[in-house]
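Student: Using the numbering used here, you'd call the opening residue of the sequence shown number -5 and step up by one each time. Using N, Cα and C, we set each Cβ at its ideal position, and we do this for glycine too.
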Amino acid sequence: MKINQTVLEEFILVGFSVYPQAQTFLFVIFFCLYLLTLTGNLTIMGLTWVDRRLHTPMYLFLSALSFSETCYTLTIIPRMLADLLAKDRSISVIGCGLQMCFFLGLGGTNCMILTLMGYDRFVAICNPLRYPLLMTSMMCGKLVACAWAVGFFVSVIETALIFRGSFCNPNLVKHFFCHMRAVVRLSCLDSDLTEFIVTVMSVSGLMGTFLVIILTYTFILSTVLKIPSAEGKQKAFSTCASHLTVVIIHFGFASIVYLKPEASGGDDTLIAVPYTVVTPFLSPLIFSLRNKDMKNAFRKVLGKKFLE
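#1: Do residue 226 and the ligand SAH come close, with the Cβ less than 8 Å from some heavy atom?
#2: Could I get the ranges of all uninterrupted alpha helix (DSSP H) runs contained in the stretch 74 to 123, with 4 residues as the minimum, in chain order?
#3: Looking only at C-alpha atoms, which of 40, 24, 7 sits nearest to residue 80?
#4: For residue 98, which residues from the same chain have a beta carbon less than 6 Å from its beta carbon, with the 5 sequence-adjacent residues on both sides left out?
#5: Quick check on residue 19: does DSSP put it in helix, strand or coil?
#6: Specify the secondary structure class of residue 181 as computed by DSSP and reduced to three states.
#7: Mapping DSSP to helix, strand and coil, what is residue 2?
#8: Out of 201, 245, 229, 187, which has the shortest C-alpha to C-alpha gap to residue 214?
#9: Give the DSSP-derived three-state secondary structure of residue 161 in the structure shown.
#10: Among all the DSSP beta bridges, which residues are the ones paired with residue 167?
#11: Leaving out the 5 sequence neighbours to the left and right, which residues in its chain are closer than 7 Å to residue 48 when beta-carbon positions are compared?
#12: According to DSSP, is residue 262 helix, strand or coil?
#13: With DSSP run on the structure shown, which of helix, strand or coil describes residue 288?
#14: Taking residue 272 as part of the alpha helix (DSSP H), name the residues at either end of that continuous run.
#15: Is the stretch 262 to 269 close to the stretch 164 to 184, with three or more CB pairs under 8 Å?
#16: Mind checking residue 241: buried by the 16 CB within 10 Å criterion, or exposed?
#17: Taking only the alpha-carbon atoms, compute the straight-line gap between residue 51 and residue 232 and give it to the nearest angstrom.
#18: Does DSSP put residue 257 in a helix, in a strand, or in coil?
#19: Determine the direct distance from the alpha carbon of residue 272 to that of residue 13, and round the result to whole angstroms.
#20: Would DSSP call residue 45 helix, strand or coil?
#21: Using the Cα positions of residue 114 and residue 129, report the straight-line distance between them to the nearest angstrom.
#22: Residue 275 and residue 28 - do their beta-carbons sit closer together than 9 Å?
#23: Would you kindly check if the distance between the Cβ of residue 78 and the Cβ of residue 376 is under 9 Å?
#24: Applying the 10 Å Cβ sphere with the 16-neighbour rule, what's the burial state of residue 234?
#25: Can the beta-carbon of residue 200 be found less than 9 Å from the beta-carbon of residue 105?
#26: By Cβ distance below 7 Å, which residues in the same chain neighbour residue 35 in space, the five residues on each side in sequence not counted?
#27: So, under 8 Å CB-CB, residue 182 and residue 159 are touching, yes? Tell me the CB distance rounded to an integer number of Å.
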């Protein structure tokens, strides 16, 4: 049992207050990264919308991922930037629960959409004749809707488990947002059991989607190696390179956060920065810079602007 079981109405996000000398520097860095992330994602969504040549399943999934990541960063980074400049870092228990729910839901949705993008490449390369029949615009819309539904279904369960009881003092959340591990430790109930359950749920979702992607790429690799021409192999691999790079970065940083042993030490705040700030910044950059169609669409839009 924890000693002080006073019902709490708010938490204090400790965040980067433990690094007072670096807060202004961190604000500038994170603010610039956030602006670039927003610009990259909005550009991808805008180009996909205006250019008819990008109205294909691959780019519809990419646009859906950009929208999901925009919402994902919106739940965390603006609040983090405000806290870097403010003295009052309090957040209501309800606000904390909502932030956690959206963070987990959108994080799960991102994993699901990345899995769908892998499936799209699998069908395009392994079953090219059936691709137009299997991956229609209607089917893509249904798959994205399912990704959102599954992501938030798991998120609501995890958040409900963590917030089902009251919280004990001290009300200090040792993180820059309402991370589930940091919040669950303040629970007056058996926090170890709750933390174990929600961690298993998150890790199962993370590893499950990652293993599905690895499986699809195993089949893709097997099919590509059977292509006789080197040019054909290169073309097939080029359509997967950007997605595979983002998958490695996304799941690599996420695994550091969720698979880190409890007793390993280290600052959870700093460990979460690559997953919450750096990954969303790199994702649109990789998809846009390594994609010919996206670059051509961008040049086309710029050309029209200058002609006008």
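Tutor: Inspection of the coordinates gives the following:
#1: This structure does not include the ligand SAH; it has no bound ligands of any sort.
#2: As far as the stretch 74 to 123 is concerned, its whole alpha helix (DSSP H) runs of at least 4 residues are 87 to 120.
#3: Out of 40, 24, 7, 7 has the C-alpha closest to the C-alpha of residue 80.
#4: The answer, listed in chain order, is 149, 152.
#5: Residue state for residue 19 is assigned as helix, using DSSP reduced to three classes.
#6: In the structure shown, residue 181 sits in a strand (DSSP, three-state: E or B).
#7: Here residue 2 sits in coil by DSSP.
#8: Nearest of 201, 245, 229, 187 to residue 214, Cα basis: 229.
#9: Under the three-state reduction of DSSP, residue 161 is assigned to strand.
#10: DSSP links residue 167 through a beta bridge to 7.
#11: So the qualifying residues of the chain are 41, 42, 287, 291.
#12: When DSSP states are grouped into helix, strand and coil, residue 262 belongs to the helix group.
#13: Helix.
#14: Unbroken run through residue 272: none, as it is neither H nor E.
#15: Three or more Cβ pairs drawn from the stretch 262 to 269 and the stretch 164 to 184 lie within less than 8 Å of each other, which places the two stretches in contact.
#16: Classification of residue 241: buried, given that the 10 Å Cβ count is 16 or more.
#17: Rounded to whole angstroms, the gap between the alpha carbons of residue 51 and residue 232 is 17 Å.
#18: Annotation note: pLDDT 48 at residue 257 (below 50); position unreliable, no value reported.
#19: In a straight line, the C-alpha of residue 13 is about 19 Å away from that of residue 272.
#20: Taken through DSSP and simplified to helix, strand or coil, residue 45 comes out as coil.
#21: Between residue 114 and residue 129, the C-alpha separation is close to 7 Å.
#22: A Cβ-Cβ contact shorter than 9 Å links residue 28 with residue 275.
#23: The requested residue 376 does not occur in the structure, where the chain is confined to residues -5 to 302.
#24: That one is buried.
#25: Yes, they are a contact pair.
#26: Sequence-distant partners of residue 35 (beyond 5 residues in either direction) whose C-beta falls short of 7 Å from its own C-beta, in its chain, are 60, 63, 64, 278.
#27: With a contact defined as Cβ atoms closer than 8 Å, residue 182 and residue 159 qualify at about 6 Å.
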